[in-house]
Structure formats: C-alpha cells, structure tokens
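What follows is a set of notes on a single structure, which appears directly below.
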Amino acid sequence: MTQYKIPVIPGDGIGPEIIAEGCKVLDAAGEEFGFDIEWIYYPHGADHYLATGELISEDTLKQLSAYPVIYLGSVGDDRITPGVLEKGILLAMRFYFDQYINLRPVKLLRGVWTPLKDKTPEDIDFVVVRENTEDFYIGIGGRLTKGRARDVLEVHRSIYNAKFELDIETDSEEIAYQIGVISKEGARRVMYYAFNLAQQRGKHLSSVDKANVLSDIYGFWREEFATIAKEYPEVTTDLNFVDAVTMWFVKNPEWFDVVVTPNMFGDIITDLGAMVQGGLGLAPGGNINPEGTSMFEPIHGSAPKYKGKNKVNPIATIWAGAMLIEQLGEKQAADSIVRAIEENLTTGKVRTYDLGGSNTTSEVGDDIASLVRNL
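Residue numbers for the sequence shown follow this note's numbering, beginning at 7 and rising by one.
Next comes the structure, spelled out in structure tokens:
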C-alpha cells in the first residue's frame, strides 16, 4: 500500500470543521484505491499567533518544504487586523514555496443551480490558470505626503531579483503608489503550464490582459503569450481584455476551456467563476509548484461567524482534496471523489443550508465518504 505523509493546516474559523471532512473523504478514497495517509497537523493561524506572536517561522517552512503537498483550511480572524494572517501565513507560504500557479477549475456539477439562465454542466467546464507570484501582488509600494522622498523597493524571487530606486516629488497632499512586475521568466513558466494543460483538454487557450490601457506591463504579457503560442500550433488561442472576459464568462461560458491570466485579473475572474459554478462553497483551488511543494484549499474565507456551528458547506474543501491527491498521481481516486460530490448534489438528500438543505457539515462529509466507498 502506498503511504503518504500530508501536512494539514486547519487554520481559523470554519477551517478545522471543513478540513476534518476533507480528510475523512480522502481517507475513504485511500481505502478504496490502495493508499494510506498520515496527517501531520500544524497549528498556524489566529490562536497560535495570539498565543506565541508567531505567524509561520523559517523552520516550519523548511519542514513543510519536505512534502509535495499541503492541505489548508482557511486563514483569517476578526480578532486580528485584516491582512496580518493572510500575508504572514498564506502569502508567505505561496512565495516561499514559489507556488507560481493558482489553478481553479470552474465546473458546474450536476445537481447545482447556476445563476446563468439556460446554462448546463456541458456549458460550464473550464480551468483558470492564474499567475500567482507577480503583477501588483509582489507587495512593493508606499505613500508620500507633499514634498520629496527617495524609496528603494526590491523584489526577490527564485528566478530573478529586481531593485527600484525611486526619486519622488509631489505637491499633492498625499499620494500612494504600487509597483507591479511581470517578468519574462514568470510569465513564460505559467504560460507553458497553461498550454500543456490545454493540450490535455480541449486544445483551446484564452489569455486575459488589459494591454489596451496598461500597455507596458500587460502588453509585455501579450507579447510573451504570442511568442509561446507559435510552439503550440495545435492549440487554438484568443486574446481577451479582462473587462470583456467578465462579460463572456456570464454570457458564453461555453467558449472557454483553459484561461491563463496575470495575478490581479485572475484573482477577480476566479471569484466570478465561483459564482458561475454555483457559489463559493463549491469552489476549490490549488497553489501549484510543479517541481516543489503545492498547497490546496477552498477559495472561500474563514467565515468566523459560522465557527463551531457545523453548518457550512465542506464541498469546496473536499474537492480541493481531490485536486491534492491528483497532484500526487492518484487520478482515479481524485475522479472518484468528484463523482461522489456530484452524486451527493444530484441526489439532493444531504445538503447544507447554502444549497437549500438542512444538513450539517459533518453529515455532508459522511455522505460523500460513503459514496466514494460505494459508487
């Protein structure tokens, strides 16, 4: 029997409840498909931070880097200033492990209502590949009140370093500035991943940018996309401005198969994708480093007002678990989990409140685990 050791960070709010159900379903899949998981729990989150002052240490990151995958619940707590936990834990891990791909399936499962009139599961089945380490999310910028100042801003990545020495003068009462960076190395590696994924699916890849206005940064993205496209003549490509693509996601989602996008636009359009597929409770995500440590999580937050109530939908977390074991090479088991989720939704007997039911988080997990064993 194959043995896996998988770190788990349940996190905050509803995180421990939904992660418990994800682990339950993955254990059931292991029983059926011949693998065993040893879960290794890490305490990092709000309670740990309030007790110790630690977000996540270099030593912990080094420990986690020994594993190919991490299972994450959710991060965020009302007791702590917004952004502290998210930046200090979630983004710290993404950058440390160089998880340069954010992978988001946008798939309408049978038995789920979509707000898009007359659209069916055959119409909504695409994947968004979001660049995950660059753009305006590199986190460098500042503020200046009236006068002059110098600022030195630096970006350190595994694939390059960059330094910006700024001389700033303004007669405005106050200005704020943020620098976005797209590198050739960063753009090309995520685009190659997207093209290879498109080859495995419908051989159609759509790129998203805003090159008509932000021509330097996103014009560069568009140029690199066009260059790489020449290496994949069998893949049909198209170019989309981000404002237009939000319209087409709603009007004609069937046009899309694989979508590749810079970081900021990907953050926006994947939340739209979540609603297209039925809501945040059904939306999983992966932060991928194909050569290193990847991390899988639901894309929703920690929902602290529901903490301990055993009522939230665990399906996004369970589906993220399916993505996790697929990353480990257990595709059959991953597919069985998605089928079990779809059977649960189609039957409609065991559902949480957001899907019109009255069942608990753990009852949904029990049902899906049972379906994995019996389908």
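Every residue gets a Cβ at the ideal spot worked out from N, C-alpha and C, and that includes glycine.
Minimum length 3: unbroken beta strand (DSSP E) runs contained in the segment 176-250: 210-215 and 242-247
Those residues which DSSP pairs with residue 170 across a bridge: Along the sequence shown, read from residue 1 onward, the residue named residue 170 stands at position 164. In DSSP, residue 170 forms a bridge with 159.
Residue 103 (DSSP reduced to helix, strand or coil): The residue you call residue 103 lines up with position 97 of the sequence shown. In the structure shown, residue 103 sits in coil (DSSP, three-state: anything other than H, G, I, E or B).
Range of the contiguous alpha helix (DSSP H) that encloses residue 273: One-based indexing of the sequence shown puts residue 273 at position 267. Unbroken alpha helix (DSSP H) run through residue 273: 269-282.
Reduced DSSP secondary structure (H/G/I, E/B, other) of residue 320: As a first step, residue 320 is located in the sequence shown; it is residue number 314 there, counting from the start. Coil.
Spatial distance of residue 328 from residue 364 (CA atoms): By one-based count along the sequence shown, residue 328 stands at place 322. By one-based count along the sequence shown, residue 364 stands at place 358. Whole-angstrom Cα-Cα distance: 25 angstroms.
Own chain residues within Cβ distance below 8 angstroms of residue 309, not counting five before or after: For the purposes of this step, residue 309 is taken as the residue at position 303 of the sequence shown. Result list for residue 309: 19, 20, 80 and 318, in chain order.
Backbone secondary structure at residue 296 - three-state DSSP: Working through the sequence shown from its first residue, we reach residue 296 at position 290. In the structure shown, residue 296 sits in coil (DSSP, three-state: anything other than H, G, I, E or B).
Residue burial classification, residue 184 (beta-carbon count within 10 angstroms, cutoff 16): For this step, residue 184 is matched to residue 178 along the sequence shown. Exposed, because fewer than 16 other Cβ atoms sit within 10 Å of the Cβ of residue 184.
Pair within 9 angstroms by beta-carbon distance, residue 269 and residue 141: The sequence position of residue 269 within the sequence shown is 263, counting from 1. The sequence position of residue 141 within the sequence shown is 135, counting from 1. A contact, by the Cβ cut-off of 9 angstroms.
Length-filtered (4 minimum) alpha helix (DSSP H) runs lying within the segment 116-161: none
Validate contact between the segment 53-64 and the segment 81-93 using beta carbons, cut 8 angstroms, 3 pairs: yes
Buried/exposed call for residue 41, threshold 16 Cβ in 10 Å: Here residue 41 is taken as the residue at index 35 of the sequence shown, counted from 1. Flag for residue 41 reads buried.
Residue 13: first and last residue of the uninterrupted beta strand (DSSP E) it sits in: Within the sequence shown, numbered from 1, the residue matching residue 13 stands at position 7. Start and end: 8-17.
Touching by the beta-carbon criterion (3+ pairs, under 8 angstroms), the segment 185-202 and the segment 232-241: yes
Nearest-angstrom Cα separation, counted from residue 242 out to residue 261: The residue you call residue 261 lines up with position 255 of the sequence shown. The residue you call residue 242 lines up with position 236 of the sequence shown. Computed Cα separation, rounded: 12 angstroms.
Straight-line Cα distance separating residue 156 from residue 336: To locate residue 336, count along the sequence shown from 1; it is residue 330. To locate residue 156, count along the sequence shown from 1; it is residue 150. Distance between the alpha carbons of residue 336 and residue 156: 52 angstroms.
At least three beta-carbon pairs within less than 8 angstroms, the segment 294-313 to the segment 103-117: yes
Among 381, 273 and 207, the one whose alpha carbon lies nearest that of residue 350: The residue you call residue 350 lines up with position 344 of the sequence shown. Comparing Cα-Cα distances from residue 350 to each of 381, 273 and 207, the minimum goes to 381.
Any 3 or more C-beta pairs closer than 8 angstroms across the segment 268-283 and the segment 332-347: no
Span of the alpha helix (DSSP H) around residue 356: Start at 1 with the first residue of the sequence shown, and residue 356 comes out as number 350. Looking at the DSSP string, residue 356 is not in any alpha helix (DSSP H), and its letter there is neither H nor E.
For residue 266, three-class secondary structure by DSSP: Against the sequence shown, residue 266 aligns to sequence position 260. DSSP places residue 266 in strand when its eight states are reduced to three.
Collapsed DSSP secondary structure at residue 256 in the structure displayed: Position 250 of the sequence shown, counted from the start, is the residue given in the question as residue 256. It is helical.
Cα-Cα separation between residue 145 and residue 244, rounded to whole angstroms: Within the sequence shown, the letter at position 139 stands for residue 145. Within the sequence shown, the letter at position 238 stands for residue 244. Straight-line Cα distance between these residues: approximately 30 angstroms.
DSSP-derived helix/strand/coil call for residue 85: Stepping through the sequence shown from its first residue, residue 85 is reached at position 79. Coil at residue 85, not helix or strand.
For residue 368, the first and last residue of its enclosing alpha helix (DSSP H): The residue given as residue 368 occupies position 362 in the sequence shown. That run of the alpha helix (DSSP H) goes 367-380.
Alpha-carbon to alpha-carbon, residue 202 and residue 62: Translated into the one-based positions of the sequence shown, residue 62 becomes position 56. Translated into the one-based positions of the sequence shown, residue 202 becomes position 196. Each residue's Cα considered, the two are about 34 angstroms apart.
Selection from 221, 178, 338 and 313 that minimises the alpha carbon distance to residue 186: Indexing the sequence shown from 1 puts residue 186 at position 180. The option with the nearest alpha carbon to residue 186 is 221.
Unbroken alpha helix (DSSP H) run spanning residue 55, endpoints: Your numbering for residue 55 matches position 49 in the sequence shown. Where residue 55 is concerned, the enclosing alpha helix (DSSP H) stretches over 52-58.
Residues bridged to residue 286 (per DSSP): Counting from one through the sequence shown, the residue named residue 286 turns up at place 280. None; residue 286 has no bridge partner.
Rounded C-alpha distance that separates residue 382 from residue 172: Only positions 7 to 381 of the chain appear in the structure, and residue 382 is not among them; the question remains open.
Residues sharing a beta bridge with residue 78, DSSP: By one-based count along the sequence shown, residue 78 stands at place 72. 15.
Buried or exposed (CB count within 10 angstroms, at least 16 for buried), residue 126: Numbered from 1 along the sequence shown, position 120 holds the residue referred to as residue 126. Per the 10 Å Cβ criterion, exposed.
Proximity of residue 137 and residue 267 at Cβ, strictly below 9 angstroms: In the sequence shown, the residue the question calls residue 137 occupies position 131. In the sequence shown, the residue the question calls residue 267 occupies position 261. Cβ atoms of residue 137 and residue 267: closer than 9 angstroms.
Reduced DSSP secondary structure (H/G/I, E/B, other) of residue 113: For this step, residue 113 is matched to residue 107 along the sequence shown. Note: residue 113 maps to strand in three-state DSSP.
Backbone CA spacing between residue 359 and residue 291 [nearest angstrom]: By one-based count along the sequence shown, residue 359 stands at place 353. By one-based count along the sequence shown, residue 291 stands at place 285. Near 22 angstroms, if we compare the C-alpha coordinates of residue 291 and residue 359.
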